[in-house]
Amino acid sequence: MTTLPTIVLVHGMWHGSWAWERVATLLEAAGHPCVQVTLPGKDRSPGDPTFRGHCHHLSRVLAGVRGDVVLVGHSYSGALLTEVGDAGNVRAMVFVSAFCLEPGESVASVNDAEAGSQAGRDDIRQVGDYLVIDPDIARNAFYHDCTPADAARAVERLTPEHAGTRVAVVSNAAWRTVPSHFVVCTLDRACTPEVQRMMASRVESSSELVSSHSPMVSMPRALARTIIDVASRHRGTAQRGHEPEHTS
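Sequential numbering from 1 applies to the sequence shown in full-length UniProt numbering.
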């Protein structure tokens with residue numbers, strides 16, 4: 001029997017592994033082992049809370065997974081996929097309204113370049129070394145199509161994010177060599193659909209969900225189906241762009 005790839009799920013800014021709970025349950029019911037990553041951060045998990053620290057943390061997580069991986073990132077964590085997603089066991093990546101960046105870009109440079117984001121630089125506050133987003137802004141920007149109870153629960157669990165994460169510049173573009181799929185959220189108020197479609201044009205395939213910025217909360221079944229479809233298309237395949245190793 002062929003072993004299904006492990007799905008590694010990475011959350012966005014201010015969130016935690018809890019954001020993926022419903023999707024992970026559905027994926028595991030379909031036979032996919034899941035790893036819900038918790039990135040280091042204040043009131044979240046110990047470790048280096050910077051972008052570089054997050055990259056190292058994700059690299060360690062990937063190194064600890066036996067067998068093939070489909071790597072899924074939401075929002076900010078797309079920058080992590082961009083930087084370190086070309087680990088040897090990653091067979092495919094899924095960017096969920098996530099920052100699929102070119103070298104030299106940052107989350108801030110892409111999201112703030114176009115008007116329309118309701119979670120941009122003018123909507124968040126810096127307190128010391130950390131960025132915070134106020135509950136009413138988060139509810140409107142991230143969860144406007146969620147039930148009131150789900151939105152309230154999510155807002156209560158948000159944690160501060162290190163200020164450097166938003167402006168950190170990536171130096172790699174793993175999506176050039178790893179088969180990648182972009183999920184555009186057409187009702188997104190945090191990263192506009194126009195900005196998402198620009199980034200989606202960089203990868204080999206894309207699809208759209210009529211969702212806010214948080215389809216993992218508002219429509220987990222549809223998102224899980226998309227992830228399973230990507231995983232099935234790339235199960236056991238070699239990464240693009242990698243030359244075979246030669247031994248003498």
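Positions of the beta carbon are idealized from the N, C-alpha and C atoms, including for glycine.
Can you tell me whether residue i is helix, strand or coil according to DSSP?
i: residue 106; result: coil
i: residue 245; result: Model confidence at residue 245 stands at a pLDDT of 28, short of 50, so the residue's coordinates are unreliable and nothing is read from them.
i: residue 8; result: strand
i: residue 196; result: helix
i: residue 218; result: helix
i: residue 157; result: helix
i: residue 83; result: helix
i: residue 167; result: helix
i: residue 15; result: coil
i: residue 144; result: coil
i: residue 259; result: Residue 259 cannot be examined here, being either before or after the span of the chain that is shown, 1 to 248.
i: residue 23; result: helix
i: residue 254; result: Shown here, the chain extends from 1 to 248; a query on residue 254 therefore has no answer.
Apply the 10 Å Cβ neighbour rule to residue i and answer buried if 16 or more other Cβ atoms are within range, or exposed otherwise.
i: residue 156; result: exposed
i: residue 174; result: buried
i: residue 25; result: exposed
i: residue 201; result: exposed
i: residue 215; result: buried
i: residue 120; result: buried
i: residue 23; result: buried
i: residue 6; result: buried
i: residue 67; result: exposed
i: residue 3; result: exposed
i: residue 161; result: buried
i: residue 188; result: buried
i: residue 46; result: exposed
i: residue 244; result: Only weak support is given to the placement of residue 244: the predicted model assigns it a pLDDT of 27, under 50, and the value that follows is read from those uncertain coordinates. Residue 244 is exposed by the Cβ-count criterion.
i: residue 247; result: Bear in mind that the predicted position of residue 247 carries a pLDDT of just 25, short of 50, making it too unreliable to give a figure here.
i: residue 256; result: Since the first residue shown for the chain is 1 and the last is 248, residue 256 is missing from the structure and cannot be characterised.
i: residue 171; result: exposed
i: residue 220; result: buried
i: residue 241; result: Residue placement at residue 241 is flagged as unreliable, the pLDDT there being 43, under the threshold of 50; the coordinate-derived value follows with that caveat. So residue 241 ends up on the exposed side.
Run through the DSSP bridge pairs and tell me what residue i is partnered with.
i: residue 130; result: 127 and 162
i: residue 97; result: Beta-bridge pairing links residue 97 to no other residue.
i: residue 181; result: 94 and 205
Which residue spans inside the stretch 26-77 form an unbroken beta strand (DSSP E) run of at least 3?
-> Counting only unbroken stretches of 3 or more residues, the beta strand (DSSP E) elements lying wholly within the stretch 26-77 are 34-37 and 69-74, in sequence order.
The stretch 175-184 contacting the stretch 130-148, beta-carbon criterion three pairs below 8 Å | Judged by Cβ distances under 8 Å, the stretch 175-184 makes no contact with the stretch 130-148, as fewer than three pairs qualify.
So, do the stretch 32-40 and the stretch 83-92 have three or more beta carbon pairs nearer to each other than 8 Å?
-> no
Decide yes or no for the touch test of the stretch 37-44 against the stretch 158-166: beta carbon pairs closer than 8 Å, at least 3 of them.
-> yes
Would you check if the stretch 190-209 and the stretch 107-127 touch, i.e. whether three or more CB-CB distances between them fall below 8 Å?
-> yes
Are the stretch 95-110 and the stretch 124-133 touching, with three or more C-beta to C-beta distances below 8 Å?
-> no
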